[in-house]
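Before any comments, here is the structure.
Numbering (my numbering), first residue to last: 33 to 216.
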């Protein structure tokens, strides 16, 4: 939990000092969009298909509470299927990571910085076995930028680091995603 405390403390100290740099988007505005990119899990004690990078997709929506502050929800998922050889038998194994939850961000003129809190569902299925899954508390910072494509559509990029689980079984998810958002 030390990572969460440090992330929140930095946010509480930094945001008031930077209030004059807030973006001018009016309170009450809504944006919703899709994410597409790359996710890389890092699992304590894991290797191979558990930690390979993979294509990720997602959705997010935000409501502007104040000129520089938004709150919303996010969902991302990334899966990868590999063949695993055990003795002379080759099995198909699929691992899927799906973080989802709430997010809040502070919007500067050129970029935004935020915090995500939620859950990550991790699913593992192997040929001939039932799917197993775990759901762990998830949190972490994210940063991004948006560029106007039209007066209602923005294209952008964001990066996030999410920690899921508790020591010693912590999973770290690094996500580098492109975004398309519609501003209502």
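Glycine is no exception: its CB is placed at the ideal position from the N, C-alpha and C atoms.
### Message
I'd like the span of the beta strand (DSSP E) that includes residue 94, first residue to last.
### Response
86-98
### Task
Grab me the residues of residue 163's own chain with a C-beta within less than 8 Å of its C-beta, minus the 5 sequence neighbours each way, in chain order.
155, 156, 157
### Residues that residue 122 bridges to, as DSSP identifies them
117
#### Entry: Whole-number beta carbon distance between residue 85 and residue 71, since they are thought to touch under 8 Å
7 Å
### Residues near residue 148 in its chain [Cβ-Cβ closer than 8 Å; skip 5 each side]
106, 131, 133, 134, 135, 170, 171, 172, 173, 174, 192, 194
### Task
For the beta strand (DSSP E) containing residue 148, list its first residue and its last residue.
144-158
#### Entry: Best match in 166, 189, 180, 179 for proximity to residue 201 [C-alpha to C-alpha]
166
### Neighbourhood of residue 125 by C-beta, 6 Å cutoff - its chain only, sequence neighbours within 5 removed
81, 114, 116, 158
### Message
By the three-class DSSP mapping on this structure, what secondary structure does residue 163 have?
### Response
coil
#### Entry: Whole-angstrom distance between residue 160 and residue 184, CA atom to CA atom
49 Å
### Query
Expressed to the nearest angstrom, what Euclidean distance is found between the alpha-carbon atoms of residue 99 and residue 61?
9 Å
### Query
By how many angstroms is the C-alpha of residue 69 removed from the C-alpha of residue 210?
6 Å
### Cβ neighbours of residue 190 in the same chain (closer than 7 Å, five flanking residues each side left out)
174, 175, 176, 209, 211
#### Entry: Same chain only: Cβ atoms within 6 Å of residue 110, ignoring 5 sequence neighbours per side
71, 86, 88, 129
### Distance CB(residue 204)-CB(residue 74) smaller than 8 Å
yes
### Query
Excluding the five sequence neighbours on either side, which residues of its own chain have a C-beta within less than 6 Å of the C-beta of residue 94, listed in chain order?
63, 102, 104
### Query
Per DSSP, residue 190 forms a beta bridge with which residues?
176, 209
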